[in-house]
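Engineer: First, the structure itself, so that you have it in front of you.
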Amino acid sequence: MADQIPLSMTVNGQTRRGLGEPRLTLADFLREQANCTGVHLGCEHGVCGSCTVLMDGEAVRSCLLFAVQADGADITTVEGLAPDDETLHPVQEAFRDCHGLQCGFCTPGFVVSVAAFLETNPDPSDDEIRHGIAGNLCRCTGYQGIVAATRQAAATMKGSRQS
5 MADQIPLSMT VNGQTRRGLG EPRLTLADFL REQANCTGVH LGCEHGVCGS
55 CTVLMDGEAV RSCLLFAVQA DGADITTVEG LAPDDETLHP VQEAFRDCHG
105 LQCGFCTPGF VVSVAAFLET NPDPSDDEIR HGIAGNLCRC TGYQGIVAAT
155 RQAAATMKGS RQS
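The sequence shown begins at 5 in the numbering used here and counts up one residue at a time.
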């Protein structure tokens, strides 16, 4: 067994410490040691987007990063997007309202990706939305609900920015 390396990062606002081999992925650290089971592992090659999280505000594939690369970073998973346990993030609300999910497996990665996308493009066209979600794969929805959800979330977030 390889030497265990001490790890420490802020996950959804809380400091999380653990130990891991140098080859431990960030996805596995988040699921197994930080108990963030919303981080889903699909392809484990960075293609499907199910494991997308925010690292220091940027959307990243947690299956492609080693946990040691995130040591000291600020990580936000789908569990940490909402402001509290009673309120959904506007993207989560929109996915619910617009039927942007079916089986739900890809949904956490989509929600995180869309939230990051809307931070950089708050008023996207449908073509920009399709380009923005192109890095995430879904086998169930046909993407129409996801595009509609992204459009609704953009409008909601734009309205809250203007208030």
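Cβ coordinates follow ideal geometry from the N, Cα and C atoms, glycine included. The structure presented is a predicted model; accordingly, all values stated were derived computationally and were not measured.
Under the three-state reduction of DSSP, which class applies to Glu62: helix, strand or coil?
Structural biologist: Counting from one through the sequence shown, the residue named residue 62 turns up at place 58. In this structure, Glu62 counts as strand in the three-state DSSP scheme.
Engineer: Near Gly136, which residues of its chain fall below 7 angstroms by C-beta distance, leaving aside the five closest residues on each side in sequence?
Structural biologist: On the sequence shown, position 132 is the one that residue 136 refers to. Result list for Gly136: Phe121, Asn125, Pro128, in chain order.
Engineer: Just the Cα atoms here: how many angstroms apart are Arg27 and Gly104?
Structural biologist: In the sequence shown, residue 27 corresponds to position 23, counting from 1. In the sequence shown, residue 104 corresponds to position 100, counting from 1. Straight-line Cα distance between these residues: approximately 34 angstroms.
Engineer: So, for Gly76: in the same chain, excluding its five sequence neighbours on each side, which residues have a beta-carbon less than 8 angstroms away from its beta-carbon?
Structural biologist: Position 72 of the sequence shown, counting from 1, holds the residue named residue 76. The residues are Ser12, Met13.
Engineer: If you measure between the beta carbons of Phe33 and Ala71, is that distance less than 8 angstroms?
Structural biologist: The residue labelled residue 33 in the question sits at position 29 within the sequence shown. The residue labelled residue 71 in the question sits at position 67 within the sequence shown. Yes, Cβ-Cβ distance for Phe33 and Ala71 is below 8 angstroms.
Engineer: I'd like the span of the alpha helix (DSSP H) that includes Arg143, first residue to last.
Structural biologist: Reading the sequence shown from its first residue, position 139 is the one you call residue 143. Arg143 -> no alpha helix (DSSP H), and no H or E assigned at all.
Engineer: Per the contact definition of three or more C-beta pairs closer than 8 angstroms, is the region 79 to 93 in contact with the region 132 to 150?
Structural biologist: No contact exists between the region 132 to 150 and the region 79 to 93.
Engineer: What ranges does the alpha helix (DSSP H) occupy inside the region 83 to 114, keeping only unbroken runs of at least 4 residues that lie completely in it?
Structural biologist: Fully enclosed alpha helix (DSSP H) runs of 4 or longer: 94 to 101.
Engineer: Out of Gly50, Gln106, Glu36, Met161, point me to the one whose CA is closest to Arg143's CA.
Structural biologist: Here residue 143 refers to the residue found at position 139 of the sequence shown. Nearest C-alpha to Arg143: Gln106.
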